[in-house]
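Encoded as structure tokens, the structure appears first; notes follow it.
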Amino acid sequence: MSDNNLADTKSAIIKMINTEKGSLEELSLKLHANPELGYQEHKAVEWLCEYLSSQNFSIEKNIGGLNTAFKATFGHGTPVIGFLAEYDALPQLGHACGHNLIATSAAGAAVASCLAAKLYGGTVCLIGTPAEELSGGKIQMVEKGVFKELDAALIAHPGNEDIATTQALACVTLNVEYFGKEAHAAAHPDKGINALDAIVLAYTSLNSLRQHIEPSARIHGIITDGGEAANIVPGHSAGTFLIRSQTMPYLKELMDRVLDCFKSAAQATGARLEYRFDKSIYAPMNNNLALANLYVKNMDLLGRKTLLEDPDMNFGSTDMGNVSQILPSLHGYYAITRKEVSGHTEEFASAACSVNGLKGALDAAKAMAMTAADLFSNSTNLDKVKIEFQKSTRPSA
Numbered sequence: 001m002s003d004n005n006l007a008d009t010k011s012a013i014i015k016m017i018n019t020e021k022g023s024l025e026e027l028s029l030k031l032h033a034n035p036e037l038g039y040q041e042h043k044a045v046e047w048l049c050e051y052l053s054s055q056n057f058s059i060e061k062n063i064g065g066l067n068t069a070f071k072a073t074f075g076h077g078t079p080v081i082g083f084l085a086e087y088d089a090l091p092q093l094g095h096a097c098g099h100n101l102i103a104t105s106a107a108g109a110a111v112a113s114c115l116a117a118k119l120y121g122g123t124v125c126l127i128g129t130p131a132e133e134l135s136g137g138k139i140q141m142v143e144k145g146v147f148k149e150l151d152a153a154l155i156a157h158p159g160n161e162d163i164a165t166t167q168a169l170a171c172v173t174l175n176v177e178y179f180g181k182e183a184h185a186a187a188h189p190d191k192g193i194n195a196l197d198a199i200v201l202a203y204t205s206l207n208s209l210r211q212h213i214e215p216s217a218r219i220h221g222i223i224t225d226g227g228e229a230a231n232i233v234p235g236h237s238a239g240t241f242l243i244r245s246q247t248m249p250y251l252k253e254l255m256d257r258v259l260d261c262f263k264s265a266a267q268a269t270g271a272r273l274e275y276r277f278d279k280s281i282y283a284p285m286n287n288n289l290a291l292a293n294l295y296v297k298n299m300d301l302l303g304r305k306t307l308l309e310d311p312d313m314n315f316g317s318t319d320m321g322n323v324s325q326i327l328p329s330l331h332g333y334y335a336i337t338r339k340e341v342s343g344h345t346e347e348f349a350s351a352a353c354s355v356n357g358l359k360g361a362l363d364a365a366k367a368m369a370m371t372a373a374d375l376f377s378n379s380t381n382l383d384k385v386k387i388e389f390q391k392s393t394r395p396s397a
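Heads up: the sequence shown runs through residues 1 to 397, numbered per full-length UniProt numbering.
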């Protein structure tokens, strides 16, 4: 297929998303005004599926055994290019991570990519992925084989810079409880076993440990229960902690070191420790630079100068990392606010329904759809993406 034909296809993609602007903005604002927590995103799924059905996508709900996961498909044959939608919100803060925009950009990209699928052959697939924030819905979906038919997966996230790759850390959640013995804190403190002392001692140990771990690793958490009343020796305490690292082997090493902090506090205080590591472990992001380079060029065509990588980018975690371990994946960022504004804040939640936020989502939709056109139209592009993925996942000698 000639470069002129591809350029015409990309122009048609831009025009189509511009035509759909009103519908996509309405969808985004409805999602923003009706935030739903993970696995409770019933309205979001209904509205997204209604929109995609109106664009001649076939819909399959409850995929991977998850009530708020779905798959929308258009076309037939290979390649199969997937766009992933997130739509869960944060407790209290609502869409302070901009997942309403992620869902909107995925829907716009999927609909516009149908132009390329019809022209060159192939299948467009939008997969709705719930509970990214707190439970890692994609992790369960990977385990259920939901993504195995895809040749590539694309997602774009709102942020404060235009970047084509993501530095995401492996992450696991640790829930702990201490069980002591209640007693009158003034009259008979000697009769009690202080569960609050145990978790405070463990917390202090973690602060000491943090001085001696790799610079990119993170350990942080909260105490969720510290007792009932000041005049009662606390008989129960609890906390939730996150452990993050750049690699899975180092994450497993840190898990042991962190657990030792809690075990030693139990031994020191006499409180009994119960703990549970979440089964769902977020994997680090395996960026595919061949795919990211295509996205960068398409963002540039839209007038958004986009970095391929940013060495100063702050570390977080995403269940998209698990997807990137099994197939070529793109997880880009597009700016919707000032660089000093962080996600998971009220200011970012406001940006997620702003003019800049909506424009960013539409630009990301165009760039992702144009990247899909690069893959549909030229098998060499997809071959390069797949070869890089194979090299990145090949065990070192």
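Virtual Cβ for every residue (Gly too), placed ideally from N, Cα, C.
Residue burial classification, residue i (beta-carbon count within 10 angstroms, cutoff 16)
i           : result
R210        : exposed
T279        : A quick correction: the sequence has Lys, not Thr, at residue 279. Burial call: exposed.
L134        : exposed
A268        : exposed
G77         : exposed
K10         : buried
S58         : exposed
K71         : buried
S54         : exposed
K384        : buried
A107        : buried
residue 399 : Only positions 1 to 397 of the chain appear in this structure, which leaves residue 399 out of reach.
Q140        : buried
G303        : exposed
D88         : buried
D256        : exposed
Span of the beta strand (DSSP E), counted from its first residue to its last, around residue i
i    : result
S329 : 329-335
N175 : 170-179
H220 : 218-225
F70  : 70-76
K61  : 58-61
P158 : 152-159
T240 : 236-245
Distance cut-off 7 Å: residue i Cβ against heavy atoms of the ligand ADP
i    : result
E346 : The model on display carries no ligand, and the ligand ADP is accordingly not part of it.
Cutoff 6 Å; reference residue i; Cβ partners in own chain excluding five residues on either side
i    : result
K138 : T129, D319, N322, V323
T166 : M285, H331
A164 : A292, Y295, V296, T306, L308, G332
G180 : I193, N194, A195, G235, A271
G136 : S280, Y282, D319
K191 : A183
N356 : I336
D8   : none
V146 : I63, G64
Nearest to residue i (by Cα), restricted to the options the options
i    : options                : result
P79  : F57, H184, G121        : G121
A361 : D383, A96, Y333, F376  : Y333
I387 : K305, L289, V341, L308 : L289
L48  : I243, S105, Y275, Q92  : S105
Q325 : M248, N298, L358       : M248
D300 : F241, S245, R338, A367 : A367
H32  : M16, A96, G303         : A96
Y178 : K384, H42, D197, N356  : D197
T393 : S329, L150, I102       : S329
Y51  : N62, L37, E25, Q40     : E25
Y282 : A131, V355, H99, P35   : A131
V176 : R338, I81, G226, A186  : G226
I127 : S237, S23, A85         : A85
V124 : H157, M370, F389, K391 : M370
A335 : L101, I17, L37, S23    : L101
G343 : D363, A364, L327, S317 : S317
K21  : K359, N378, A372       : K359
V111 : N287, V172, Q92, A365  : A365
Own chain, CB closer than 7 Å to residue i, minus 5 neighbours either side, in chain order
i    : result
N56  : F74
K144 : G64, G65
K43  : N34, E36
A117 : F74, G75, T123, V124, F376
D310 : E161, I163
G38  : D88, P130, A131, E133, L134, S135, G137
Endpoints, the alpha helix (DSSP H) within which residue i is located
i    : result
I199 : 195-209
R257 : 248-269
H42  : 42-54
N4   : 3-19
E143 : 137-143
Same chain only: Cβ atoms within 8 Å of residue i, ignoring 5 sequence neighbours per side
i           : result
A397        : Low confidence applies to A397: its pLDDT is 36, below 50, so where it sits in the model is not reliable enough to give any reading.
I219        : L206, L209, R210, I213, F241, L242, I243, R244, L254, V258
L382        : P79, D151, A152, L375
N4          : none
N62         : A69, F70
N231        : H184, A185, A186
residue 398 : Here the chain has residues from 1 to 397 only, and residue 398 is not among them.
Checklist entry - Enumerated in chain order, which unbroken segments of the alpha helix (DSSP H) with a length of 4 residues or greater are wholly contained in the region 79-134? => result 99-120
Next on the checklist: Ignoring anything shorter than 4 residues, give me the alpha helix (DSSP H) runs that lie fully in the region 274-314, in order along the chain.
Outcome noted: 289-301
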